[in-house]
């Protein structure tokens, strides 16, 4: 696979059904970077999103891809972002709170990392979220891993307590902590970029 030589070779668009077969491989490749942290190396062998999950994101129009043009002029996905809307509750639990677009997965194939693709993909999705009147972007990530928490902080995200965001976030974090029991000192938490 030849690599794009400049950033203009990359384009971002809503995903289509023909992109789905590429996405699990992109996610698996992207997670290989966790092998560089011994305590988190098990993440590199974690299963990617299922085809069914990806099709659900596609059906809700919350799946985007970054593609490059290969030598035969086909646009091939090299990164993707899957998201879903989450409506939070106010403290009293009776009134709607904020409407966030939750980034469930953002992955860039290892051969394309450190080229600004993730930043461009998130900016594209942020623009979509603003146009569609979301109050912000949210995600759950490793807060102390530079290419996770540090990366998102540089894009304007801030660490927030899951309790502040509501029951959906509390449940997701609890589920992850049960799945990944021994994270050592690596904190997993929620981040928010308010609009």
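Numbering (full-length UniProt numbering), first residue to last: 1 to 195.
Glycine included, every Cβ here is placed at the ideal spot set by N, Cα and C.
No experiment lies behind these values; they were computed from the predicted model shown.
Buried versus exposed call for residue i [16 or more other C-beta atoms within 10 Å across all chains shown]
{"i": "residue 106", "result": "buried"}
{"i": "residue 80", "result": "buried"}
{"i": "residue 148", "result": "buried"}
{"i": "residue 138", "result": "buried"}
{"i": "residue 59", "result": "exposed"}
{"i": "residue 51", "result": "exposed"}
{"i": "residue 1", "result": "Note on residue 1: pLDDT 46, under 50, position unreliable in the model; no value is reported."}
{"i": "residue 18", "result": "exposed"}
{"i": "residue 175", "result": "exposed"}
C-beta contact flag for residue i and residue j at 7 Å
{"i": "residue 189", "j": "residue 143", "result": "yes"}
{"i": "residue 34", "j": "residue 130", "result": "no"}
{"i": "residue 152", "j": "residue 191", "result": "yes"}
{"i": "residue 204", "j": "residue 193", "result": "With the chain running from 1 to 195 in the structure shown, residue 204 is simply not present."}
{"i": "residue 104", "j": "residue 83", "result": "yes"}
{"i": "residue 150", "j": "residue 88", "result": "no"}
{"i": "residue 112", "j": "residue 160", "result": "no"}
Cβ distance (whole Å) where residue i is taken to contact residue j below 8 Å
{"i": "residue 100", "j": "residue 124", "result": "Actually they do not touch by this definition, with Cβ atoms about 17 Å apart."}
{"i": "residue 10", "j": "residue 66", "result": "5 Å"}
{"i": "residue 184", "j": "residue 39", "result": "4 Å"}
{"i": "residue 30", "j": "residue 109", "result": "6 Å"}
{"i": "residue 145", "j": "residue 37", "result": "7 Å"}
{"i": "residue 28", "j": "residue 14", "result": "Contact doesn't hold; Cβ gap of about 23 Å is too wide."}
{"i": "residue 55", "j": "residue 86", "result": "Residue 55 to residue 86, Cβ: 20 Å. No contact."}
Delimiting residues of the beta strand (DSSP E) encompassing residue i
{"i": "residue 14", "result": "10-14"}
{"i": "residue 184", "result": "Element bounds for residue 184: n/a, residue is neither H nor E."}
{"i": "residue 66", "result": "63-69"}
Bounding residues of the alpha helix (DSSP H) (the contiguous stretch that carries residue i)
{"i": "residue 59", "result": "51-59"}
{"i": "residue 28", "result": "23-31"}
Starting from the N-terminal side, write out each stretch of the alpha helix (DSSP H) that is 4 residues or longer and does not extend beyond the stretch 102-173.
117-131, 151-154 and 162-165
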